[in-house]
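> Numbering (the numbering used here), first residue to last: 583 to 1109. All C-beta atoms in this analysis are idealised placements derived from N, C-alpha and C, irrespective of residue type, glycine included.
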């Protein structure tokens, strides 16, 4: 089950906010094996319960917290007829409450909330907790009033929370059923549609990109405002251009402005224009980009960087179709479709008061989430082939990359996404254009070092199966060889691999590498 997808559901977002507001606790997900993937990745939101926070920060404490979740998980998995919420006490004697998730009557995991007490803590309870934490955490301080910060839920409050979790679980189940129904009813995009988007240089055949293409096909013919979310380098402008060129405004202007490129005054003038004499240097009237884009599409990139003052003016354009040039007295009317983009979480900016809530809902009519390259690794071969052909120059002999080079590129995390990949392929062609197959030695050192720490020999993964399975095989082998090389010194190996020590320990457990290892030859410290 794709928990990342479900966390973006409106119901789950609302539920998370309600739980934080009412009880100051966090909603989490565990998969069908009882694994909390956020914890496994080291992506832990610090809970308000100070005892839980200290436990999750410790290697042994994290293991015990994970085991407590698995106890709840086993209760659900052991009774497939169970559909209601259950709770039990964790290793610190706090409570965990969760509700099971089912897809086609198969248990698929659970959502849960942990770290609350069912009655106020007494001083002796705090002393007991202190002694338990000392078994696996460093000496603690400032815990005299820690018990006052522990969330407390009596029977009535626990019943409310249980009802909310059961409701959320049912919403997820309904969403899964609806997605399955759509898959059955809706054919994949036609070859004509795919070719049309290929013309727009959007390359991809992976599952995540198919979802993007389907949504693009639906929104292209509408006039609704679109918000494109995605990391830097994922192709947000290309998607905006594809929406414009495949819609009814294709013969009208497509205008682009990056909101982080100018300061407030320059951006306001660029967007709305100015009149002669409005400021020093304004020698004549100048049209703004909204007026230039009249009848067409205006792509506002990095809209999350827009100041509050300009957010007010943008909201007016979206709501009323009018704006006032800098220094002007007459409002101008325009008919523009706005496509906005950002790499930021606008919902989080709204919570922090950095982005207007009314503007957020106005631009978030239709939301397109572009997956990062690391989540669409199946597209790597076709992207590499595309960029090899795009940057090929007359006289170059290159036909492709060596298997070892392809394996390293497949294992790399690509923080710069498509843009970084294109730059790397162009660089390889410049350096090795006289070679038929580009070797791994020509890859940028940052890529080699990220995949093969210390510049050691690369261990190729298996050459069959799906790409993510091959990457997992590579990861397992790298960790196994590293444990042998460092004589099981996990702190040293975690530093070499560039991950946290707790994350490394979870991976060791996941791959079953914690058996038959040599004794650690030096004391370990937290990485």
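Please identify the residue among 809, 1055 and 1087 whose C-alpha is closest to the C-alpha of residue 1065.
Position 483 of the chain shown, counting from 1, holds the residue named residue 1065. Ranking 809, 1055 and 1087 by Cα distance to residue 1065 puts 1087 first.
> From the DSSP output, in three-state form, read off residue 689 for me.
Against the chain shown, residue 689 aligns to sequence position 107. Residue 689 falls in the strand class under three-state DSSP.
> Figure out for me which residue from 663, 897 and 680 has the closest Cα to the Cα of residue 946.
By one-based count along the chain shown, residue 946 stands at place 364. For residue 946, the nearest C-alpha among the options comes from 897.
> Report the three-state DSSP secondary structure of residue 994 (helix, strand or coil).
Taking the chain shown and counting its residues from 1, one reaches residue 994 at position 412. Note: residue 994 maps to coil in three-state DSSP.
> Among residues of its own chain, excluding the 5 on either side of residue 751, which ones have a beta-carbon nearer than 7 Å to its beta-carbon?
What you label residue 751 is simply residue 169 of the chain shown in a count that begins at 1. 681, 682, 683 and 693.
> Which two residues bound the contiguous alpha helix (DSSP H) that contains residue 922?
Here residue 922 is taken as the residue at index 340 of the chain shown, counted from 1. That residue, residue 922, is in no alpha helix (DSSP H); its beta strand (DSSP E) goes 919 to 924.
> Can you list, in chain order, the residues of its chain with a C-beta nearer than 8 Å to that of residue 1076? Leave out the 5 residues immediately preceding and following it.
Taking the chain shown and counting its residues from 1, one reaches residue 1076 at position 494. Non-local C-beta neighbours of residue 1076 in its own chain, meaning closer than 8 Å and more than five positions away in sequence, comprise 1082, 1083, 1085, 1086 and 1109, ordered along the chain.
> Please confirm if the segment 868 to 881 is in contact with the segment 827 to 844, defined as three or more CB-CB distances below 8 Å between the two stretches.
Segments in contact, yes.
> Taking buried to mean at least 16 other C-beta atoms within 10 Å of its own C-beta, is residue 778 buried or exposed?
Within the chain shown, numbered from 1, the residue matching residue 778 stands at position 196. Confidence at residue 778 is low in this model, with a pLDDT of 49, below 50, so its placement is unreliable and the value that follows should be read with caution. Buried, because 16 or more other Cβ atoms sit within 10 Å of the Cβ of residue 778.
> DSSP three-state call for residue 854: helix, strand or coil?
Your numbering for residue 854 matches position 272 in the chain shown. If DSSP states are grouped into helix, strand and coil, residue 854 belongs with the helices.
> Identify which residue in 638, 824 and 651 has its Cα closest to the Cα of residue 613.
Within the chain shown, the letter at position 31 stands for residue 613. Comparing Cα-Cα distances from residue 613 to each of 638, 824 and 651, the minimum goes to 651.
> Can you tell me which residues form a DSSP beta bridge with residue 612?
Here the question's residue 612 lines up with position 30 in the chain shown. DSSP lists 692 as partners of residue 612.
> Output the distance between the C-alpha atoms of residue 808 and residue 763, rounded to the nearest integer angstrom.
Counting from one through the chain shown, the residue named residue 808 turns up at place 226. Counting from one through the chain shown, the residue named residue 763 turns up at place 181. C-alpha separation (whole angstroms): 25 Å.
> Could you check which residue in 736, 687, 714 and 664 has the C-alpha nearest to that of residue 699?
Mapped onto the chain shown, residue 699 falls at position 117. Measuring C-alpha to C-alpha distances from residue 699 to each of 736, 687, 714 and 664 identifies 736 as the nearest.
> Starting from residue 620, follow the alpha helix (DSSP H) in both directions and report where the run begins and ends.
As a position in the chain shown, residue 620 is number 38, starting the count at 1. From DSSP, the alpha helix (DSSP H) with residue 620 extends over 619 to 622.
> When we look at the beta-carbon of residue 995 and count the other beta-carbons within 10 Å, is it buried (16 or more) or exposed?
Counting from one through the chain shown, the residue named residue 995 turns up at place 413. It counts as exposed.
> Spatial neighbours of residue 780 within its chain, please: C-beta separation below 6 Å, excluding the five flanking residues on both sides.
As a working note, residue 780 is residue 198 in the chain shown. Unreliable positioning characterises residue 780 in this predicted model, as indicated by a pLDDT of 46, which lies under 50. A coordinate reading is not provided.
> Report yes if the C-beta distance between residue 676 and residue 696 is below 8 Å; otherwise report no.
As a working note, residue 676 is residue 94 in the chain shown. As a working note, residue 696 is residue 114 in the chain shown. Their beta carbons are under 8 Å apart, which means residue 676 touches residue 696 by this criterion.
> For residue 679, which residues does DSSP report across the bridge?
What you label residue 679 is simply residue 97 of the chain shown in a count that begins at 1. Paired residues: 669 and 695.
> Apart from the five residues just before and just after residue 826, which ones in its own chain have a Cβ nearer than 6 Å to its Cβ?
Taking the first residue of the chain shown as position 1, residue 826 is located at position 244. So the list reads 836 and 879, once near-sequence residues are dropped.
> Leaving out the 5 sequence neighbours to the left and right, which residues in its chain are closer than 6 Å to residue 1033 when beta-carbon positions are compared?
Reading the chain shown from its first residue, position 451 is the one you call residue 1033. Once the five neighbours on either side are set aside, the close Cβ partners of residue 1033 are 990, 993 and 994.
> Where residue 659 and residue 653 are concerned, what is the direct C-alpha to C-alpha distance, given to the nearest angstrom?
Translated into positions along the chain shown, residue 659 becomes position 77. Translated into positions along the chain shown, residue 653 becomes position 71. Going from the Cα of residue 659 to the Cα of residue 653 covers about 10 Å.
> Helix, strand or coil for residue 976, going by three-state DSSP, please let me know.
Taking the first residue of the chain shown as 1, we reach residue 976 at position 394. Looking at residue 976 - three-state DSSP - the assignment turns out to be coil, as it is neither helix nor strand.
> Count Cβ pairs between the segment 901 to 909 and the segment 784 to 804 that sit closer than 8 Å; are there 3 or more?
no
> Under a three-way DSSP split, which group does residue 943 fall into?
Here residue 943 is taken as the residue at index 361 of the chain shown, counted from 1. It is helical.
> Ignoring anything shorter than 3 residues or poking outside the segment 804 to 870, list the beta strand (DSSP E) runs there in chain order.
808 to 811 and 836 to 840
> What's the gap between the Cα of residue 661 and the Cα of residue 817?
Within the chain shown, residue 661 is the residue found at index 79, counting from 1. Within the chain shown, residue 817 is the residue found at index 235, counting from 1. In a straight line, the C-alpha of residue 661 is about 46 Å away from that of residue 817.
> Taking one C-beta from the segment 1019 to 1027 and one from the segment 834 to 853 each time, how about it: are there three or more such pairs within less than 8 Å?
no
> For residue 784, which residues in the same chain have their Cβ closer than 7 Å to its Cβ, ignoring the five residues on either side in sequence?
Taking the chain shown and counting its residues from 1, the one referred to as residue 784 is at position 202. So the qualifying residues of the chain are 817, 820, 821 and 824.
> Under 8 Å between the Cβ atoms of residue 786 and residue 999?
Within the chain shown, the letter at position 204 stands for residue 786. Within the chain shown, the letter at position 417 stands for residue 999. Their beta carbons are not under 8 Å apart, which means residue 786 does not touch residue 999 by this criterion.
> Could you spell out the range, first to last residue, of the alpha helix (DSSP H) harbouring residue 1090?
The count along the chain shown starts at 1 and reaches residue 1090 at position 508. Run containing residue 1090: 1083 to 1092, per the alpha helix (DSSP H) assignment.
> Give the straight-line distance between the Cα atoms of residue 620 and residue 1007, rounded to the nearest whole angstrom.
Indexing the chain shown from 1 puts residue 620 at position 38. Indexing the chain shown from 1 puts residue 1007 at position 425. Taking the straight line from one Cα to the other gives about 33 Å.
> Quick check on residue 865: buried or exposed, where buried means 16 or more other Cβ atoms within 10 Å of its Cβ?
Here residue 865 corresponds to residue number 283 of the chain shown, with the count starting at 1. It counts as exposed.
> Any idea what DSSP makes of residue 948, helix, strand or coil?
Your numbering for residue 948 matches position 366 in the chain shown. Of the three classes helix, strand and coil, the one that applies to residue 948 here is strand, per DSSP.
> Rounded to the nearest angstrom, what separates residue 811 and residue 958 at their Cα positions?
The residue you call residue 811 lines up with position 229 of the chain shown. The residue you call residue 958 lines up with position 376 of the chain shown. When rounded, the distance between both Cα atoms is 16 Å.
> Buried or exposed: residue 907, going by 16 or more other Cβ atoms within 10 Å of its Cβ?
In the chain shown, residue 907 corresponds to position 325, counting from 1. So residue 907 ends up on the buried side.
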